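Chemist: Residue numbers (our numbering), protein chains in the order written: chain A, 7 to 220; chain B, 7 to 220; chain C, 7 to 220; chain D, 7 to 220. All residues carry an ideal CB built from backbone N, CA and C; glycine is no exception. Values in this document were obtained by computation on a predicted structure and should not be read as measured data.
4 protein chains.
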Amino acid sequence: MLSFQNLFIHIVQMNEPAAIDSDDRRRSIGARRNPETEQAILEAAEAIVAEQGIAGFSIEAVAKRARAGKPTIYKWWPGKTALLLDVYHRQKPASVHTDTGTVEGDVLAFLKGVFAHWGNTGAGDVFRFVVAEAQRDDAAAQSLRAYAAERRIQSGDIFRRGIARGELAADVDDGLAADVLAGFVWQRLLTGRIERDEQQLAQAAKQMVRGLLA
Amino acid sequence: MLSFQNLFIHIVQMNEPAAIDSDDRRRSIGARRNPETEQAILEAAEAIVAEQGIAGFSIEAVAKRARAGKPTIYKWWPGKTALLLDVYHRQKPASVHTDTGTVEGDVLAFLKGVFAHWGNTGAGDVFRFVVAEAQRDDAAAQSLRAYAAERRIQSGDIFRRGIARGELAADVDDGLAADVLAGFVWQRLLTGRIERDEQQLAQAAKQMVRGLLA
Amino acid sequence: MLSFQNLFIHIVQMNEPAAIDSDDRRRSIGARRNPETEQAILEAAEAIVAEQGIAGFSIEAVAKRARAGKPTIYKWWPGKTALLLDVYHRQKPASVHTDTGTVEGDVLAFLKGVFAHWGNTGAGDVFRFVVAEAQRDDAAAQSLRAYAAERRIQSGDIFRRGIARGELAADVDDGLAADVLAGFVWQRLLTGRIERDEQQLAQAAKQMVRGLLA
Amino acid sequence: MLSFQNLFIHIVQMNEPAAIDSDDRRRSIGARRNPETEQAILEAAEAIVAEQGIAGFSIEAVAKRARAGKPTIYKWWPGKTALLLDVYHRQKPASVHTDTGTVEGDVLAFLKGVFAHWGNTGAGDVFRFVVAEAQRDDAAAQSLRAYAAERRIQSGDIFRRGIARGELAADVDDGLAADVLAGFVWQRLLTGRIERDEQQLAQAAKQMVRGLLA
DNA sequence: AGATAAGCGAGACGGTACGTCACGTCTTCAC
DNA sequence: GTGAAGACGTGACGTACCGTCTCGCTTATCT
């Protein structure tokens, strides 16, 4: 099954004193990127999203919280979307693809895993924002497409396994099935209706796999 | 005493009325809403999205193009998303939901209708923008949720009819089915993969309705 | 056609001020320049120069102090120089041109008046800044030239009167004399050596008028 | 898992050494100042002012053009003004102060020399910049004051020689006279009115030395 | 001869201010 | 009372330099 424990590791060490006095700010460590700065920026971005939501997220706010200069952020990330993408990437997702032996079981596990990840860690907010940005920014759109394609292949495994073991019909299009699966969770996320009710999820999995016919 | 100030007088004067242009603007038609204004605003909004894409769309730009005051726009629409939703709605044909006699036929008709609409008219861009905006703006999110809920009911009809005529199993959740259907087209739209191939769409409809099992 | 408008009823009341700070800020007074705002900006600019000197002067600081928006300032003044020029103009100079009966007396009165004005009111700082800006900005340069030309004529009066009453030689170039006079005070101002010692000023006036010869 | 991050890898890589260009840069010549570096910096500064004018001048630009590090520049010059003053010094010919035998002749030579120098070599722009910078920066002000004091002494020589040889009155204040002389040329430079007409200069010299009286 | 010390390039860093854009609210004035 | 007009405060945008820092390299000089 899923393991959520690793999702909280980085959250524990978040509350820094942020002492303003004695000029303890980060400094350059030479003509190369300072990993502390990168960390501080990513953590600040993550924290802002977690605490204030997507609306409160801005380069300005991240810079202030991370005690970093705006130009430093712009030097390493071309814009807020790029930064958010990195934040999303840092949040290691729970393993949502497990082999339960049946396609319906796998689909249910996927649904539960994804919604749990999005709901618990704030990763959902980040992903929503990335999707939103991808609608106006071409670079973000490209990144999102690449990411979606990768996930499509992963989720497709569920169905390819089902076909291989004869559980699913041979003419099932695993890509389409993966799109249907992803679409369901995307749409729920984007309309703010993350589903945690297990019965509902089981029903959804059932309908998607067994079909609707009498 | 002479001063520097007069050197900047022309700057101030540039902000004078300047309304010598025959004054052919729309005016109030009394203590009631002017339908011409509403039309002009919606058309301007539509044109801007069509010509400049999502990025160029702003209340400011719409007001300017429609020769309307910003408060006039805000009086009727709480924000840019609401305006865009209306624009989207204006474009939406009624032909998406038809009763073909079978659920699979209805679903296929829906898929074909939606993708054709989005692909042909630029309505897809408008809707993408609405979804995107809903991820950052609460009002927009509410609008989108309300809109999605309404569409959910409409699409749900397909499945309720199927249940009523005994075509679908009695325990089918029509809302969930509608979400799956909507999710598929949303996800395709948001990742820039509008599907026009009829075989693909037929396959998708088949898998969604008949299921995947062997 | 559907109407979503009713969906926004409750949304309208969401945009509450949220301003617990009594919200006593200036507001627009319609589609015309608000004199209060202009006053507030000019006064803020003046105060900043007086209290923190030229170095502390920035559009950013003025906006903050005047509780005005930066775009508002940029709307009415093309840059910091233009704003400073207006500030300088507001500071009505002491009357530095008086007819004492002799050229030397007039020159001395001018020297005393100018240095007093610059030293007491902070006008000197403003003028220094204007001169500085004129060296890098063409618009400022033009303004300064125009101002200098005007003052040249005014100061030239001292010498023209002297020629008229036969006190000065007929071939004296009043413009040149005015330049020498202005140059002396400019150079002192720009090197931070405003002269208040009356004996020194008297000596300067004497040397400029009577010459240096034995 | 695939990530968005690799889409930004190239950005980071762009900040890699990149010093494959045959490595022809200047290097340290041991624990002592490299005269080549100083030369390169001064020449770069000079070239920038000459080509792009005052506005384009910045430590950043000089460092880049000279292929020098910013700290190297700051090590020898406290700021951009100091650097510019050195540039100005480099350009200054020794021919401004000559002993023509009479004070009026010396003054005229000075005027002609200064204006010729400023007009021909672009040195005027450099000096204008120094004066401007001194109005906002304390270090610059100090540099300018020191420089002006030195020149004051040099120019004062003209008048001290005059007093010594009995040509000038014994009570003439040579410092004041030098200020008047300097002020005249400064004011002309700063208002963009470099005087090249010899008659005008002769008249100015005459008025400054012999006085204005009938 | 090896260690030491400084010069030097490079460029990252926290900052400050720049000038711009769009937001949503407000008031005036013409109809 | 409707509508056009546009000024206003706000907040974020992305950019330009500032002056400081640390690194890694190089070379002369001093043990």
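Under 8 Å between the Cβ atoms of residue 193 of chain B and residue 182 of chain A?
Modeler: As a working note, residue 193 of chain B is residue 187 in the second sequence. As a working note, residue 182 of chain A is residue 176 in the first sequence. Cβ atoms of residue 193 of chain B and residue 182 of chain A: not closer than 8 Å.
Chemist: What would DSSP say about residue 114 of chain A, mapped onto helix, strand or coil?
Modeler: Locating residue 114 of chain A in the first sequence gives position 108, where the first residue counts as 1. Assignment of residue 114 of chain A by DSSP, reduced to helix, strand and coil, places it in the helix class.
Chemist: Going by CA-CA distance only, name the one from C/142, C/216, C/189, C/67 that's closest to residue 226 of chain D.
Modeler: There is no way to answer for residue 226 of chain D, as the model of chain D reaches only from 7 to 220.
Chemist: Please state whether the Cβ-Cβ distance between residue 220 of chain B and residue 111 of chain A is less than 8 Å.
Modeler: Position 214 of the second sequence, counted from the start, is the residue given in the question as residue 220 of chain B. Position 105 of the first sequence, counted from the start, is the residue given in the question as residue 111 of chain A. Result no, Cβ atoms of residue 220 of chain B and residue 111 of chain A do not sit closer than 8 Å.
Chemist: Given this structure, state the Cα-to-Cα distance separating residue 88 of chain C from residue 157 of chain D, to the nearest angstrom.
Modeler: Within the third sequence, the letter at position 82 stands for residue 88 of chain C. Within the fourth sequence, the letter at position 151 stands for residue 157 of chain D. Linking residue 88 of chain C to residue 157 of chain D through their CA atoms gives a straight-line distance of about 33 Å.
Chemist: Looking at residue 79 of chain B and residue 93 of chain B, is the spacing between their C-beta atoms short of 8 Å?
Modeler: Indexing the second sequence from 1 puts residue 93 of chain B at position 87. Indexing the second sequence from 1 puts residue 79 of chain B at position 73. Result no, Cβ atoms of residue 93 of chain B and residue 79 of chain B do not sit closer than 8 Å.
Chemist: Please state the DSSP three-state secondary structure of residue 25 of chain D.
Modeler: As a position in the fourth sequence, residue 25 of chain D is number 19, starting the count at 1. With a pLDDT of only 35 at residue 25 of chain D, under 50, the local geometry of the prediction cannot be trusted, and no value is derived from it.
Chemist: How far does the alpha helix (DSSP H) with residue 68 of chain B in it reach, from first residue to last?
Modeler: Reading the second sequence from its first residue, position 62 is the one you call residue 68 of chain B. Unbroken alpha helix (DSSP H) run through residue 68 of chain B: 65 to 72.
Chemist: Evaluate contact between the region 158 to 167 of chain D and the region 102 to 110 of chain D, counting only Cβ atoms and requiring at least three cross-stretch pairs below 8 Å.
Modeler: yes
Chemist: Can you tell me the Cα-Cα spacing of residue 117 of chain A and residue 179 of chain B, whole angstroms?
Modeler: Counting from 1 along the first sequence, the entry for residue 117 of chain A is found at position 111. Counting from 1 along the second sequence, the entry for residue 179 of chain B is found at position 173. Computed Cα separation, rounded: 17 Å.
Chemist: Given this structure, state the Cα-to-Cα distance separating residue 52 of chain B from residue 202 of chain B, to the nearest angstrom.
Modeler: As a working mapping, residue 52 of chain B is identified with position 46 in the second sequence. As a working mapping, residue 202 of chain B is identified with position 196 in the second sequence. Rounded to whole angstroms, residue 52 of chain B to residue 202 of chain B spans 24 Å at the Cα level.
Chemist: Of all the CB atoms in chain B, is at least one closer than 8 Å to the CB of residue 194 of chain A?
Modeler: Your numbering for residue 194 of chain A matches position 188 in the first sequence. Taking Cβ atoms only, chain B reaches closer than 8 Å to residue 194 of chain A, which makes this a yes.
Chemist: For the candidate residues B/169, B/74, B/152, whose alpha-carbon lies nearest to that of residue 196 of chain A?
Modeler: What you label residue 196 of chain A is simply residue 190 of the first sequence in a count that begins at 1. Looking at the Cα atoms, B/152 is the closest of the given residues.
Chemist: Among C/139, C/175, C/187, whose alpha-carbon lies nearest the alpha-carbon of residue 85 of chain C?
Modeler: In the third sequence, the residue the question calls residue 85 of chain C occupies position 79. Ranking C/139, C/175, C/187 by Cα distance to residue 85 of chain C puts C/139 first.
Chemist: How many whole angstroms separate the CB atoms of residue 132 of chain D and residue 187 of chain D, which I take to be in contact at a CB cut-off of 8 Å?
Modeler: The count along the fourth sequence starts at 1 and reaches residue 132 of chain D at position 126. The count along the fourth sequence starts at 1 and reaches residue 187 of chain D at position 181. 20 Å between Cβ atoms; not a contact.
Chemist: Just to confirm my understanding: we take residue 207 of chain C, look at its own chain, exclude 5 residues before and 5 after, and list those with CB closer than 8 Å. What are they?
Modeler: For the purposes of this step, residue 207 of chain C is taken as the residue at position 201 of the third sequence. Answer for residue 207 of chain C: 114, 117, 118, 121, 201, listed in chain order.
Chemist: Across which residues does DSSP place residue 174 of chain A in a beta bridge pair?
Modeler: As a first step, residue 174 of chain A must be located in the first sequence, where it is residue number 168. DSSP, once it has assigned bridges, lists B/219 as partnering residue 174 of chain A.
Chemist: Closer than 8 Å by C-beta to residue 147 of chain A: which residues in its own chain qualify, once you throw out the five before and the five after it? Chain order, please.
Modeler: The sequence position of residue 147 of chain A within the first sequence is 141, counting from 1. Excluding positions up to five away in sequence, the list reads 140, 141.
Chemist: Considering only residues of the same chain and omitting the five flanking positions on each side of residue 127 of chain C, which have a CB-CB separation below 6 Å?
Modeler: By one-based count along the third sequence, residue 127 of chain C stands at place 121. Hits under 6 Å: 97.
Chemist: Going by beta carbon distance, what residues of the same chain come within less than 7 Å of residue 40 of chain C, once the five residues before and after it are set aside?
Modeler: Taking the third sequence and counting its residues from 1, one reaches residue 40 of chain C at position 34. Counting only Cβ-Cβ distances below 7 Å, and skipping sequence neighbours, we find 32, 34.
Chemist: So which residues on chain A does residue 216 of chain B lean against when the C-beta distance must stay under 7 Å?
Modeler: The residue you call residue 216 of chain B lines up with position 210 of the second sequence. What residue 216 of chain B touches in chain A: 217, 219.
Chemist: Do residue 135 of chain D and residue 63 of chain D have their C-beta atoms closer together than 8 Å?
Modeler: Within the fourth sequence, numbered from 1, the residue matching residue 135 of chain D stands at position 129. Within the fourth sequence, numbered from 1, the residue matching residue 63 of chain D stands at position 57. Yes, the Cβ-Cβ distance between residue 135 of chain D and residue 63 of chain D is below 8 Å.
Chemist: When DSSP labels each residue in this structure, what does residue 162 of chain A get in the three-state scheme?
Modeler: In the first sequence, counting from the first residue as 1, residue 162 of chain A sits at position 156. Residue state, collapsed to three classes: helix.
Chemist: Out of C/43, C/49, C/213, C/198, which has the shortest C-alpha to C-alpha gap to residue 77 of chain C?
Modeler: Numbered from its first residue, the third sequence carries residue 77 of chain C at position 71. Ranking the options by Cα distance to residue 77 of chain C, first place goes to C/43.
Chemist: Does the Cβ-Cβ distance between residue 125 of chain B and residue 215 of chain A come in under 8 Å?
Modeler: Reading the second sequence from its first residue, position 119 is the one you call residue 125 of chain B. Reading the first sequence from its first residue, position 209 is the one you call residue 215 of chain A. No.
Chemist: At a CB-CB cut-off below 9 Å, which residues of chain A make contact with residue 109 of chain B?
Modeler: The residue you call residue 109 of chain B lines up with position 103 of the second sequence. Near residue 109 of chain B (Cβ distances below 9 Å), the residues of chain A are 218, 219.
Chemist: Just curious, the alpha helix (DSSP H) that residue 54 of chain C is in, first and last residue?
Modeler: The residue you call residue 54 of chain C lines up with position 48 of the third sequence. That run of the alpha helix (DSSP H) goes 41 to 58.
Chemist: Give me the subset of the region 125 to 140 of chain A whose CB atoms are less than 8 Å from a CB atom of chain B, sorted by chain position.
Modeler: 134, 135, 137, 138, 139, 140
Chemist: For residue 204 of chain A, would you say it is in contact with chain B, using Cβ-to-Cβ distances shorter than 8 Å as the test?
Modeler: Counting from one through the first sequence, the residue named residue 204 of chain A turns up at place 198. Interface with chain B (8 Å Cβ-Cβ cutoff): residue 204 of chain A is excluded.
Chemist: In chain order, what residues of the region 164 to 176 of chain D put their CB closer than 9 Å to some CB of chain C?
Modeler: When CB distances to chain C are screened at a threshold of 9 Å, the residues of the region 164 to 176 of chain D falling below it are 165, 168, 169, 172, 173, 174, 175, 176, in chain order.
Chemist: Going by beta-carbon coordinates alone, are residue 160 of chain C and residue 103 of chain C separated by less than 8 Å?
Modeler: The sequence position of residue 160 of chain C within the third sequence is 154, counting from 1. The sequence position of residue 103 of chain C within the third sequence is 97, counting from 1. Cβ atoms of residue 160 of chain C and residue 103 of chain C: closer than 8 Å.
Chemist: Residues in the same chain with beta-carbon distance under 7 Å from residue 54 of chain C, minus the five sequence neighbours each way, listed in chain order, please.
Modeler: By one-based count along the third sequence, residue 54 of chain C stands at place 48. Excluding residues within five positions, the ones whose Cβ falls inside 7 Å are 62, 63, 67, 68, 71.
Chemist: Cβ closer than 8 Å: which chain A residues qualify as neighbours of residue 157 of chain B?
Modeler: Here residue 157 of chain B refers to the residue found at position 151 when the second sequence is read from its first residue. Correct list: empty, because the minimum Cβ distance to chain A is about 10 Å.
Chemist: With a threshold of 8 Å between beta-carbons, can residue 116 of chain A be considered close to chain B, or not?
Modeler: Residue mapping note: residue 116 of chain A aligns to position 110 of the first sequence, counting from 1. False, the Cβ-Cβ gap to chain B never drops below 8 Å.
Chemist: Would a check of beta-carbon distances place residue 71 of chain D closer than 8 Å to chain C?
Modeler: Within the fourth sequence, numbered from 1, the residue matching residue 71 of chain D stands at position 65. No, its Cβ sits nowhere closer than 8 Å to a Cβ of chain C.
Chemist: Quick check on residue 190 of chain D - is its C-beta less than 8 Å from some C-beta in chain C?
Modeler: As a position in the fourth sequence, residue 190 of chain D is number 184, starting the count at 1. For residue 190 of chain D, the closest Cβ of chain C is nearer than 8 Å.
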